[in-house]
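In mature numbering (1 follows the signal peptide of the UniProt record, and there is no 0), the protein residues as written are -22 to -1, 1 to 75.
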Ligand SMILES: [Cu+2]
């Protein structure tokens, strides 16, 4: 019973994260660790290197990074990991198509 529930959750997760057609997606990440003018540059550079990322806007005042990416080539997890690798932990604050 428990196993079955886990599988249906997985199926749901796969269905929602793998759309049939690739479309640019935009996600906003909260990057609380940005605290000086150099930080957004570092974050933007790191995210910009991820294959599939089309555009990165970093707002130091709001401590947010808005990333537009091709969801057939990368995903939010990869963006979070990249920010982490650059030295900034981040969380998703919102996303839109
Ligand atoms: Cu800094």
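Even for Gly, the Cβ is constructed at its ideal location relative to N, Cα and C. Note that this is a predicted model, so its numbers are computed, not measured.
- Item | Coil, strand or helix - residue 32 by DSSP | strand
- Message: Is residue 1 near ligand 1 - that is, is its Cβ less than 7 Å away from at least one heavy atom of it?
- Response: no
- Query: Is any heavy atom in ligand 1 found nearer than 7 Å to the beta carbon of residue 43?
  - Reply: no
- First through last residue of the alpha helix (DSSP H) which encompasses residue 18: 16 to 26
- Task: Going by DSSP, name the residue or residues bridged to residue 3.
- Result: 47
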